[in-house]
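What follows is a single structure, written as structure tokens, with notes after it.
Chains as they are written, first to last, in my numbering: chain A, 1 to 116; chain B, 117 to 229.
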């Protein structure tokens, strides 16, 4: 496992369609985080998940956005009825199960969503 | 709440110039501090980190010292190269439970030959 794997790398959707972004964490990592990077801005935290459990979703928009991390398979960030303002780079990161200050998030290469 | 403030870019330098990118933070207690780098079209890579006051993180010629008294973590490099052109993000990890980084807005560095 080379690292955190995200797909697709690039996704184009028309307004009103659905976008699904996938993230497979590093081997041995059971915590997944999603961040959003709007054009010319920094990264903003969206949601923090463990397997089958959402730990913190304080950064998720109240509507149209959802995230899951099932027992089997990748974490999915789902955006329903996309709008142009959803165009951004979405980064996934993962960390080991035992949290400590020495832990460092490992980031994937990101998924760039473009809404036409 | 916790926050990170970085100098705005872009920063444009000639090759072999000295680089400083300022970063200050607001947090309770003693957070860990990080610099991440994002090369064009890629994700974030950890550049260096420091977990306690007066620690110095270093990597690839870059350095940053955790200054508790000034709540700063400025990034420096003595001689930049064209290949250092990227966006640099300062980030903090609070010392309470959780592993959620708070990022600064990023500083774009452009190094000209």
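The C-beta atom is built at its ideal place from N, Cα and C for all residues, glycine as well.
- If one requires a minimum length of 3 residues, the beta strand (DSSP E) runs lying completely within the segment 152–198 of chain B are 160–166, 172–175, 178–181, 191–193, in chain order.
- Looking at the DSSP output, residue 131/B bridges to nothing.
- Going by DSSP, residue 66/A is part of the beta strand (DSSP E) stretching over 65–68.
- Non-local beta-carbon contacts of residue 9/A in its own chain, meaning distances under 8 Å to residues more than five positions away in sequence, involve 109, 110, 111, 112 in chain order.
- In the displayed model, residue 200/B falls within a helix according to three-state DSSP.
- Look at the beta carbons and you see the segment 124–137 of chain B not touching the segment 159–170 of chain B: under three pairs across the two are nearer than 8 Å.
- Within chain A, no C-beta atom comes nearer than 8 Å to that of residue 172/B; the closest sits roughly 16 Å away.
- Here residue 84/A carries a helix assignment [DSSP, helix/strand/coil].
- Contact between residue 115/A and residue 64/A fails: their C-beta atoms lie close to 12 Å from each other, not under 8 Å.
- When 24/A, 12/A, 104/A, 81/A are compared, the shortest CA-CA separation from residue 71/A is found for 24/A.
- Out of 222/B, 209/B, 180/B, 200/B, the CA that lies nearest to the CA of residue 229/B is found in 200/B.
- Taking all protein chains shown into account, residue 186/B has fewer than 16 neighbouring C-beta atoms within 10 Å of its C-beta and is therefore exposed.
- Scanning its chain for C-beta atoms nearer than 8 Å, with the 5 sequence neighbours on each side dropped, one finds around residue 147/B the residues 118, 141, 208, 209, 210, 211, in chain order.
- In the DSSP assignment, the residues bridged to residue 93/A are 33/A, 107/A.
- At a cut-off of 7 Å between C-beta atoms, residue 185/B does not count as an interface residue with respect to chain A.
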